[in-house]
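Q: These protein sequences, in sequence, are chains H and Z. Position in the first sequence (from 1) plus 233 gives the number in the working numbering. Position in the second sequence (from 1) plus 233 gives the number in the working numbering.
Number of protein chains: 2
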Amino acid sequence: MRKDRQKDRKGSRRGRLVNQLGETQLVETILSRFCGEGTRRVLVGPGDDAAVVKLDRGSPLILTTDVLVEGTHFSLDFSYPEAIGFKAVTANLSDVAAMGGQPFGIVVSLGIPRTIPVRAVNRIYAGISRALSLFGGELLGGDTVRSRAVTVCVSAVGELVGKTPFLRSGARPGDAICVTGTLGGSEMGLKLLKKYFKGKPRSRDSSLTSWSDRTAGYFREKLPASVRKNGHACISRHLLPRPRVTEAGVLSSYDLSAAIDISDGLLIDVARIAKASDVGVLLREEQVPVSRDCEAVARSLGVSAYDVALSSGEEYEILFAVAPAKVRQITRTLANRCGTGVTVLGEVVEKRRGAFVAGRRGRRKRLLERGFEHF
Amino acid sequence: MRKDRQKDRKGSRRGRLVNQLGETQLVETILSRFCGEGTRRVLVGPGDDAAVVKLDRGSPLILTTDVLVEGTHFSLDFSYPEAIGFKAVTANLSDVAAMGGQPFGIVVSLGIPRTIPVRAVNRIYAGISRALSLFGGELLGGDTVRSRAVTVCVSAVGELVGKTPFLRSGARPGDAICVTGTLGGSEMGLKLLKKYFKGKPRSRDSSLTSWSDRTAGYFREKLPASVRKNGHACISRHLLPRPRVTEAGVLSSYDLSAAIDISDGLLIDVARIAKASDVGVLLREEQVPVSRDCEAVARSLGVSAYDVALSSGEEYEILFAVAPAKVRQITRTLANRCGTGVTVLGEVVEKRRGAFVAGRRGRRKRLLERGFEHF
Chain H
234 MRKDRQKDRK
244 GSRRGRLVNQ
254 LGETQLVETI
264 LSRFCGEGTR
274 RVLVGPGDDA
284 AVVKLDRGSP
294 LILTTDVLVE
304 GTHFSLDFSY
314 PEAIGFKAVT
324 ANLSDVAAMG
334 GQPFGIVVSL
344 GIPRTIPVRA
354 VNRIYAGISR
364 ALSLFGGELL
374 GGDTVRSRAV
384 TVCVSAVGEL
394 VGKTPFLRSG
404 ARPGDAICVT
414 GTLGGSEMGL
424 KLLKKYFKGK
434 PRSRDSSLTS
444 WSDRTAGYFR
454 EKLPASVRKN
464 GHACISRHLL
474 PRPRVTEAGV
484 LSSYDLSAAI
494 DISDGLLIDV
504 ARIAKASDVG
514 VLLREEQVPV
524 SRDCEAVARS
534 LGVSAYDVAL
544 SSGEEYEILF
554 AVAPAKVRQI
564 TRTLANRCGT
574 GVTVLGEVVE
584 KRRGAFVAGR
594 RGRRKRLLER
604 GFEHF
Chain Z
234 MRKDRQKDRK
244 GSRRGRLVNQ
254 LGETQLVETI
264 LSRFCGEGTR
274 RVLVGPGDDA
284 AVVKLDRGSP
294 LILTTDVLVE
304 GTHFSLDFSY
314 PEAIGFKAVT
324 ANLSDVAAMG
334 GQPFGIVVSL
344 GIPRTIPVRA
354 VNRIYAGISR
364 ALSLFGGELL
374 GGDTVRSRAV
384 TVCVSAVGEL
394 VGKTPFLRSG
404 ARPGDAICVT
414 GTLGGSEMGL
424 KLLKKYFKGK
434 PRSRDSSLTS
444 WSDRTAGYFR
454 EKLPASVRKN
464 GHACISRHLL
474 PRPRVTEAGV
484 LSSYDLSAAI
494 DISDGLLIDV
504 ARIAKASDVG
514 VLLREEQVPV
524 SRDCEAVARS
534 LGVSAYDVAL
544 SSGEEYEILF
554 AVAPAKVRQI
564 TRTLANRCGT
574 GVTVLGEVVE
584 KRRGAFVAGR
594 RGRRKRLLER
604 GFEHF
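1) Residues of the region 489-513 of chain H in Cβ contact with chain Z at a cutoff of 8 Å, in chain order, please.
2) Contact criterion: CB-CB distance below 8 Å. Does Z:Gly375 meet it with respect to chain H?
3) What are the residues in the region 292-310 of chain H lying within 8 Å of chain Z by C-beta distance?
4) Pick helix, strand or coil for Z:Arg594, following the three-state DSSP scheme.
5) By the criterion of Cβ-Cβ separation under 9 Å, what are the contact partners of Z:Arg447 in chain H?
6) Which one of Z:Gly360, Z:Val322, Z:Gly546 and Z:Phe267 has the shortest CA to CA distance from H:Arg266?
7) Since I believe H:Leu373 is in contact with H:Glu548 (beta carbons under 8 Å), could you give me their beta-carbon distance rounded to a whole number of angstroms?
8) State yes or no: is the beta carbon of Z:Thr262 nearer than 8 Å to at least one beta carbon in chain H?
9) Would you kindly report the start and end of the unbroken alpha helix (DSSP H) that includes H:Gly450?
10) For Z:Cys411, which residues does DSSP report across the bridge?
11) Where H:Glu303 and Z:Ile349 are concerned, what is the direct C-alpha to C-alpha distance, given to the nearest angstrom?
12) What three-state label does DSSP hand H:Arg249 in the structure shown?
13) Please report the straight-line C-alpha distance between H:Val260 and Z:Asp376, rounded to a whole angstrom.
14) What would DSSP say about H:Ser459, mapped onto helix, strand or coil?
15) Counting only Cβ pairs nearer than 8 Å, list the residues of chain Z close to H:Pro557.
16) What residues in the region 341-354 of chain H have a beta carbon less than 8 Å from any beta carbon of chain Z?
17) Determine, for H:Ser276, whether the minimum Cβ-Cβ distance to residues of chain Z falls below 8 Å.
18) Hey, Z:Val300 and H:Ser342 are a contact pair by Cβ (cut 8 Å); roughly how many whole angstroms apart?
19) Using the Cβ count rule (16 or more neighbours within 10 Å means buried), how would you classify Z:Gly334?
20) Which chain Z residues are close to H:Ser362, counting only those with a beta carbon under 7 Å from its beta carbon?
21) Tell me which same chain residues have a C-beta within less than 7 Å of the C-beta of Z:Arg352, skipping the five on either side of it?
22) To the nearest angstrom, how far is the alpha carbon of Z:Pro557 from that of Z:Arg565?
23) From the DSSP output, in three-state form, read off H:Cys386 for me.
24) Could you give the first and the last residue of the continuous alpha helix (DSSP H) run that contains Z:Asp299?
25) In whole angstroms, give me the CA-to-CA distance for Z:Met332 and H:Ala466.
26) With which residues is Z:Asp376 paired in a DSSP beta bridge?
27) Using DSSP's beta-bridge definition, name the partner residues of H:Glu261.
28) Less than 8 Å between the beta carbons of Z:Phe578 and Z:Ala504, yes or no?
29) H:Ala382 touches chain Z at which residues, Cβ-Cβ below 9 Å?
30) When the cut-off is 8 Å and only beta carbons count, does H:Asn569 lie next to chain Z?
31) So which residues on chain H does Z:Tyr358 lean against when the C-beta distance must stay under 8 Å?
32) Could you check where the beta strand (DSSP E) with H:Ala283 kicks off and where it finishes?
Spelled out as structure tokens, the structure:
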């Protein structure tokens, strides 16, 4: 009897676990409990792609952080060192871009196991350097520590280009919903990695060594000839995503109503804009700009390229809402200045009409604002 | 024979591992390979306590990052959730202070296991909030992800107060070497935790649950009565270190030659100033301001309080070099404005005279610039 009481007490003392609550709700709890309105300095606090802080003089500052953890965000079997450094940087630069900013620096906290080869560490930093030289920003500082899992935590700072940041919350009924570039490549790349590169269980040390030696060429060679070319393009898109920093600079001249970068998938990120802006959305599936590489691989694998494109995360395209009258000018300028396409996916509607995507075969799917649940 | 060749090739392919190279040399490799001179914007790049970046207008920006990883920087047996959040913040604020800055915001990337109780996450954030409300800065944003080990990565931004940052590299022969506050408490706290709180091997889940429920009171109660009061003060100093942010604000009015925060121990951090400034140093052990709590516990345990104070890391006191003529004024102002003591530990000398600490019994110890080797 006493034992039972103890057990009960232990059960209730244990309380709810993080995996029972889920990531979205956990983040909401933290936001509501620990993030107040902020001072007058904080123009945008937690809850958007990045924070925006007013300084006494000069442009507002944009600040963001993102961490990649082995086993959660990437697998040693599916990646190589440069790619991890590269992606950790570009995920952050994309957040700065999605607020309408230009990055000028990063700091890196790198967690690595004791038995990782030194050249792997150098190659992670080579990927970090490469991303900075392509998209802007300097390596300002960092911390290197021991950790069981390879962990790359990057924080980026940038400056706001226009007068006000692009928020998730400004979309208005009547706005066009647009996206830069094409979608689907990243998710298709991950599918191929899972299909063809799932390693047999090995010792940790031998996994780290293979990982340390692997390059982009390894993935290309091991793909079946039937999907090699397009498949490798998808894998590159997944492993080495390109943030739309230059495009964000151009978009800053236009009065966008709302913007977000596609990090968790089009449907989820559109739903986030809808929720933050308190509006409805109607997307047309046939408008979604599916990447050609994704389409070609989808045909080989016999899956729907549209389904892949609608849910593909880590694309880092910019999704935005803007008055329809401005779309033509934006499209022309982005094509001329960056060689980047813009597609109108649908429109912002009144909230009571809900958030839906109209499928190609008359299907109608409700959009749910629910991120990937990592827990 | 073929097998031997393969083995050899594997051996050489494996290359040097991080634990063979060591942390100091690893960081030096990274700095020399991936961090250039920087642009004109970067006033201080990697290698000091924090980076300093010039903005087009307004005060230069200070940026730093620090990560605490369970199993490397803390043990679940020796800590509790608020303390981890608190220390992750104060480690960063201390770096901002050591450059002569005042922090205004942080971003947090939190890695947590799936089976951690939600209340532990809330308590980590409560510790983060508490540190910010005591020492300045706002929680601007973050990322919460799944990770096997509890990992708290904080990046802080601040503004430079004076005209130029406090560097490690400006100490000149003739300068006095000074330190704020007292030393030894943090290391003695860790010694007590290791002596009295080393847990029996338990399941991961039960360790996480005990950790989630533990408070500061637990450590106090479990200490033997003979060391309870002073011992608990030492443990608090170790678990909840206080960065010298206000003191840094005052010190910014004086033309310090060099400064660093004591994060890896007095001897190591003095040696870092000596190396960066290309000078020698002569410290007098009997001048070291040993904390009273450390002294009292040292007597009980029969160890040398001086030895503990010389090597005690995570003290977050500010160690600085300054022209001797200014010491009296600095001492008076810090006492009046912050209630914080200043002690002269010795002097900066010509490089050829070396870096030594003169012991109380005629011992002479060479100072080595060698951080804690985490690998």
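Where is the CB? At the ideal position from N, CA and C, for every residue including glycine.
A: Looking at the atomic coordinates:
1) none
2) yes
3) Ser292, Leu294, Leu296, Thr297, Thr298, Asp299, Val300, Val302, Gly304, Thr305 and His306
4) coil
5) Ordered by position in chain H, no residue passes the 9 Å Cβ test against Z:Arg447, which lies about 12 Å from the chain.
6) Z:Gly360
7) In fact, because the Cβ distance is near 27 Å, the residues do not count as touching under 8 Å.
8) yes
9) Ala449 to Lys455
10) Z:Phe553 and Z:Val577
11) 18 Å
12) coil
13) 8 Å
14) helix
15) Chain Z residues near H:Pro557: none, gap ~32 Å exceeds 8 Å.
16) Val341, Ser342, Gly344, Ile345, Pro346, Arg347, Thr348, Ile349, Pro350, Val351, Arg352 and Val354
17) Sequence inspection shows Leu at residue 276 of chain H; the Ser mentioned does not correspond to that position. No - not a single Cβ of chain Z is within 8 Å of the one on H:Leu276.
18) 4 Å
19) buried
20) Phe267
21) Ser445
22) 14 Å
23) strand
24) From DSSP, Z:Asp299 is part of no alpha helix (DSSP H) but of the beta strand (DSSP E) over Leu294 to Val302.
25) 45 Å
26) Z:Ser342
27) Answer is none; H:Glu261 lacks a bridge partner.
28) The sequence given here has Leu at residue 578 of chain Z, not Phe. No, Cβ-Cβ distance for Z:Leu578 and Z:Ala504 is not below 8 Å.
29) Gly344, Ser380, Arg381, Ala382 and Thr384
30) no
31) Ile263, Arg266 and Phe267
32) Premise fails: H:Ala283 is in no beta strand (DSSP E) and is neither H nor E.
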